[in-house]
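Below: the structure, in structure tokens.
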Amino acid sequence: MSAPGAGDWQRDVFRELGGVVAGTEQSASPPPAAAQPAPAPAAAQPAPAAPPLPPPAPVSVPVVMPEVRRTGQRARHGDPPARRVVRALRKGLSATAKDTETAVRLARAVQQPITTGRQIAVTSIRGGAGKSTVAALLSLTFAHYRADPVLAIEADPSLGTLPRLFGAGEVRWTFADLARILDPSMRVTDVTGYLLPFTGGGWLLPGSQGAVGAQLDLDAYRIVMTSLRRWFGTTVVDCETLPAEVARTAMTTTQARVLVAPATAAGVATTRTVLDWIGGLHRSMLPTTVVALAYTSPGMGVDPRKAAEYLGVGGAAVLPLPYDRALAEGGEIRTALLAQGTREAALALAAEVMDRAMSRGRGGARGGGTAAGARP
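Basically our numbering = 1-based index in the sequence shown + 12.
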């Protein structure tokens, strides 16, 4: 029989052994994981560059100041009253089928279908010959007869004559402005938002806001002419006078060209020199050239038929543009006030120019031959 208290020490031993085992189990368990160091903050990325700001929109400038507009005289008809009466009587008594046939033939020549845009340059050898007036008359005639979009471009920005001839109230966007923002994704409706509409449904791109000394960059000219050709069936370019760089470029890159010559002996002689130069550039250029013999004052005595014989060597056509009182004033061209002879001459000129521009597009140059109308 065990002594009293013997079981106590056994219990104490087992208790201590149990504590050791328990302590061993506790120490065998993995120590708590050490705290991981916090990740270093990532290097700050630079903010993306802001897109470039578009160029500021230009401010509209009036074409004719209100003070000048108030000094303007009343518009006159191109034909004097007596001539209008005689013409009306003659038309009522002796109108022939031949006159109607001629008008229809010329209109069809202006309206002939095209597959790619036709660009026509208008220039002269000196200022004051009526170059811008001829460019405006051609643009108005094409816009009246053609169904596709017609564009008039002022590539002579020195004084901003075309907006005044078309009766524009103010000019905002100019040639240089459009060259900076043209984009291949643009549609024709986007482009026309920067243009000025004129009578007949045509569009005008001014060269400047009328500032003296404005210049036209050759690269800007090439950008605009190349980009706009796909939207406009007919483009008339009012160029600087020769031998300016843009005018020379336009003469050699368009499908047809109009050389405006004053109807004087000196004007005819100088124009012949220019035609010889044009013929030396390429043999196909003279057959796609038309000379507009401009009678800018009454009594100019150059015979259009003799001038045509002298200037038509090489294949250029020569057509007269008679004196017109309404055009001589230099203001807005109102077709209703033009003389009957002026309207007929403008239609004949537009038909001849379009026919020659299309002859180049068909891959053939027209042969020699001139067209001269009746003496003004």
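Backbone N, C-alpha and C define an ideal beta-carbon position, used for all residues, glycine too.
All figures in this text were calculated on a predicted structure; none of them were measured in a lab.
- Using a C-beta cut-off of 8 angstroms, the stretch 231-248 makes contact with the stretch 121-138, since at least three inter-stretch Cβ pairs fall below that distance.
- Nearest Cα to Leu323 within the set Leu333, Leu216, Leu305, Thr112: Leu305.
- Counting other Cβ atoms within 10 Å of its Cβ, Lys110 stays below 16 and is therefore classed as exposed.
- Taking 8 angstroms as the cut-off, the beta carbon of Leu174 is found closer than this to the beta carbon of Leu216.
- In this structure the stretch 287-297 does not lie against the stretch 154-166, because fewer than three pairs of beta carbons, one per stretch, are closer than 8 angstroms.
- Within its own chain, the residues whose Cβ lies closer than 6 angstroms to the Cβ of Leu150, once the five positions on either side in sequence are excluded, are Val248, Ala362, listed in chain order.
- Counting only residues of its own chain and dropping the five nearest sequence neighbours on each side, Ala358 has a CB closer than 6 angstroms to the CB of Leu149, Thr153.
- By the Cβ test, the stretch 250-263 is not in contact with the stretch 178-186, since fewer than three Cβ pairs between them sit closer than 8 angstroms.
- Here Gln131 is bridged, per DSSP, to Thr247.
- Assignment of beta strand (DSSP E) within the stretch 291-326, counting only whole runs of 3 or more residues, yields 301-306 in chain order.
- Shown here for Trp185: same chain residues with a beta carbon closer than 7 angstroms to its own, the five before and five after excluded, namely Pro70, Tyr206 in chain order.
- For Pro332, there is no enclosing alpha helix (DSSP H); the residue is part of the beta strand (DSSP E) that begins and ends at 329-333.
- At the C-beta level, Arg88 and Ala338 come within 8 angstroms of one another.
- The C-beta distance from Asp250 to Asp168 rounds to 5 angstroms, short enough to fall under 8 angstroms.
- Between Pro209 and Phe187, the C-beta gap is not smaller than 8 angstroms, which leaves the two residues out of contact.
- In the structure shown, the three-state DSSP call for Ser197 is coil.
- The beta carbon of Val286 is closer than 8 angstroms to those of Ile137, Leu254, Leu271 in its chain, skipping five residues each way along the sequence.
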